[in-house]
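Have a look at the structure below, then the notes.
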Amino acid sequence: MAPKTKRLSADKTVMALDEVLARLERAILSKQAKFKSGSSEQADFINQLEKENRALSRELEVARDNIEKLEDRLETIENAGESAEKEIGVMIKQLDNLISQQNTH
């Protein structure tokens with residue numbers, strides 16, 4: 143009976159080892175799936191950030207162009223304002239001269 147008992151014990155050991163190996167394989171596959179899922183999520187997140195970065199870069203470039211246009215308009219308006227002030231100053235002097243001439247006549 144000893145050989146039969148040893149055989150049963152050996153069979154049980156083999157079955158136990160097979161079960162342990164199966165659990166290890168499932169654990170490894172599970173970890174691989176989690177890793178792939180995590181890597182995929184990170185890649186998706188990075189892609190989303192890159193897409194947002196490109197969009198923000200385009201918006202920034204448009205904003206810079208608009209600022210340059212506004213600065214040019216401001217300069218034009220300031221120049222027109224200075225020119226108008228000079229013309230008003232000349233007109234006031236001319237009016238003062240006319241008023242002075244009329245008062246003396």
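According to this note's numbering, the residues represented by the sequence shown are 143 to 247, in order.
Beta carbons are placed, not taken as given, at the ideal position from N, Cα and C, and that holds for glycine.
Since we're looking at a predicted model, the values are computed, not measured.
Alpha carbon of residue i to alpha carbon of residue j, nearest angstrom
i: LYS193; j: SER179; result: 21 angstroms
i: GLU229; j: ILE241; result: 18 angstroms
i: GLN236; j: ARG196; result: 60 angstroms
i: ALA205; j: GLU227; result: 32 angstroms
i: ASP214; j: LEU191; result: 34 angstroms
i: GLN174; j: LYS154; result: 30 angstroms
i: ASN221; j: LEU198; result: 34 angstroms
i: ALA185; j: ILE170; result: 22 angstroms
i: THR246; j: ILE209; result: 55 angstroms
i: LEU216; j: ASP207; result: 14 angstroms
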